[in-house]
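One structure is given below, encoded as structure tokens.
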Amino acid sequence: MNTQLAKLESLCKGLRLAPMPAEEIHGGLAADKSPMEMLISFLDFQNRHKQSQAAAARLKNARFPRVKTFKDYDFNEQVGVTAEQIKRLCDFVWLEKAFNVVFLGAPGLGKTHLATALGYSAVNAGYSVCFVTLDDLIRLLKTGEISRTSKARLTQLRRASLVIVDEVGFMPVSKTEAHLLFSFISACYETKSLVVTSNKSFDEWADFFGDPVIATAILDRLIFRCEIFNLTGEGYRIRHRQTIL
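With the sequence shown counted from 1, adding 130 to any position gets you my numbering.
Take a look at the structure:
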């Protein structure tokens, strides 16, 4: 048996297949499975292994700052989003139709948490996802022609089914940078989904981007087919602040 297992492992390596764990093989033999059943078990293991590898690769490419899930989000503490609404989003019909999702609200309300958790759920559902802050996205757009690393990341962003753009409104944006962002969002329009978080209301975007025309054009493409959540309430870090004494 050991010789046969060694030969099977060698064949798997040669075919770039994952060696099936010996305990699964012994379990099948102990259950007196037929050769056909053993073959099905082997192929099922290979399928599960490839799916696991693909999921790990999607998670790595997403580059979430940290993994967040909806079970860690307290929907009772915030106004503007409900667990039922988020559950509905997790069927990802909107993603298939290239709709967008926007989370608006003051800092500390969990916008990034919700966006990341939605992205993580999409990864587990088999979609390619990329997470990027607005500051990093603009840097990538400005250096894409001169940096191989930036160009590679931009390629991932453009190929992804879902792009999460976090922290819109935190750092000032020049008119040149606003034009670069407009070009990116225009390229995404009706071809992929965007999830955007912002601490600015839409009325403030004209001042933030320094160009009312560009701001209007960006919003026109972003919210034409979009689910918008306006979060209100007390920030998490304020509610759970700790004192020294």
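Ideal Cβ placement from N, Cα and C applies to all residues, glycine included. Just so you know, these numbers come straight off a predicted model, no measurement behind them.
Practice task
Figure out for me which residue from F172, A152, G256, D202 has the closest Cα to the Cα of T242.
Solution key: Ranking F172, A152, G256, D202 by Cα distance to T242 puts D202 first.
Practice task
Measuring alpha carbon to alpha carbon, tell me which of I344, E357, P149, T212 ends up nearest V223.
Solution key: Closest in alpha carbon position to V223, among I344, E357, P149, T212, is E357.
Practice task
Return the first residue and the last residue of the alpha helix (DSSP H) that T346 is part of.
Solution key: 342-353
Practice task
With a threshold of 16 other CB atoms inside 10 Å of the CB of L287, please say whether the residue is buried or exposed.
Solution key: buried
Exercise for the section: In the DSSP assignment, find the alpha helix (DSSP H) that holds T242 and state where it starts and stops. Expected result: 241-254
Exercise for the section: Look up S328 in the DSSP assignment and give the residues it is bridged to. Expected result: According to DSSP, which records beta bridges pairwise, S328 is partnered with L234, V298.
Handout entry: Beta-carbon gap between L248 and V232 smaller than 8 Å
Key = no
Practice task
Please go through the same chain and pick out, in chain order, the residues whose beta-carbon is closer than 8 Å to the beta-carbon of N254, but skip the five residues on each side of it.
Solution key: A185
Handout entry: Best match in L145, P149, Y319 for proximity to R355 [C-alpha to C-alpha]
Key = Cα-wise, what sits closest to R355 is Y319.
Problem - Pairwise C-alpha distance: K272 and N360 - result: 31 Å
Exercise for the section: In the DSSP assignment, find the unbroken alpha helix (DSSP H) run with N360 in it and report its ends. Expected result: First-last for N360: 356-360, but that is the beta strand (DSSP E), not the alpha helix (DSSP H).
Problem - V262 - DSSP class collapsed to helix/strand/coil - result: In the three-state reduction of the DSSP assignment, V262 falls in the strand class.
Exercise for the section: Taking only the alpha-carbon atoms, compute the straight-line gap between R146 and E139 and give it to the nearest angstrom. Expected result: 10 Å
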